[in-house]
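For the sequence shown, the working numbering puts the final residue at 379, and the numbers step up evenly by one.
Each residue gets a CB set at the ideal place from its N, CA and C atoms; glycine is no exception.
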Amino acid sequence: MHVSVIRLPPTVHGDGDHGFVPTIIGIARQKGVSAYVGEGLNRWPAVHRLDAAHLYRLVLEKGTAGARYHGVADEGVPMRDIAEVIGRRLNVPVVSKSPEEAAGHFGFLGDLLSIDIPASSALTQQRLGWRPTQPGLIPDLDHPRCFEA
């Protein structure tokens with residue numbers, strides 16, 4: 231049996247995304263502000279869904295049994311950058327929330343949106359020749375389709 235582990239980042243984006251970023255967009259739409267926590271310098275890694283799919287194929291074709299792979303294209307996108315695109319696209323103010331205010335604003339995501347979780351796929355790229363080619367999170371997010379109600 232050939233078993234490998236692929237670790238995907240919290241944000242896997244692209245057409246059909248129903249994860250964290252659309253949830254954050256919904257919160258901004260509902261609350262009338264696009265927020266980040268603190269200075270907004272905490273980073274989230276991301277990968278486009280098509281790049282993730284390509285990685286899965288490479289692991290099936292070339293992967294080593296028992297190996298761990300990281301499916302990361304953007305090693306760390308500052309949360310403030312994400313909030314700024316959302317604010318501009320929704321035409322709402324971009325504001326900082328204190329860590330104490332985060333849970334009240336973001337609900338269950340409050341603590342998660344406060345942490346810094348950069349990640350790298352350098353070893354995965356070296357071992358498998360995987361090269362993400364799809365748009366990064368910010369260019370992909372900065373598209374009207376992400377903001378259709």
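Here's the rule I'm using: 16 or more other beta-carbon atoms within 10 Å means buried, otherwise exposed. How should residue i be labelled?
i, result
"G359", "exposed"
"I255", "buried"
"I380", "The question about residue 380 has no answer, for the chain in this structure spans 231 to 379."
Considering only residues of the same chain and omitting the five flanking positions on each side of residue i, which have a CB-CB separation below 7 Å?
i, result
"I345", "N272"
Name the residue from the options whose alpha carbon lies nearest to the alpha carbon of residue i.
i, options, result
"K261", "F336, R318, E378", "F336"
"G246", "R319, A265, P348, H278", "H278"
"D372", "E314, A265, F250, G268", "E314"
"Y286", "Q355, L320, C376", "Q355"
"V307", "H243, P374, V322", "H243"
Got a sec, what are the start and stop residues for the alpha helix (DSSP H) residue i sits in?
i, result
"E232", "According to the sequence as given, residue 232 is His; it is not Glu. First-last for H232: undefined, no H or E at that position."
"C334", "Here residue 334 is Gly; the residue named in the question, Cys, does not match the sequence. Where G334 is concerned, the enclosing alpha helix (DSSP H) stretches over 329-336."
Is the Cβ of residue i closer than 7 Å to any Cβ of chain D?
i, result
"I255", "Here chain D cannot be found, since the structure has a single protein chain."
Just to confirm the assignment, what range does the beta strand (DSSP E) spanning residue i have?
i, result
"T241", "241-243"
"E305", "304-308"
"V263", "V263 -> no beta strand (DSSP E), and no H or E assigned at all."
"P369", "Per DSSP, P369 belongs to no beta strand (DSSP E); it is in the alpha helix (DSSP H), 367-371."
> Should the stretch 231-239 be regarded as contacting the stretch 297-311, the criterion being three or more beta carbon pairs within less than 8 Å?
Replying inline: Counting Cβ pairs under 8 Å, three or more are found: they touch.
>> Assess contact between the stretch 286-293 and the stretch 324-339, defined as three or more Cβ pairs (one per stretch) separated by less than 8 Å. Is contact present?
In response: no
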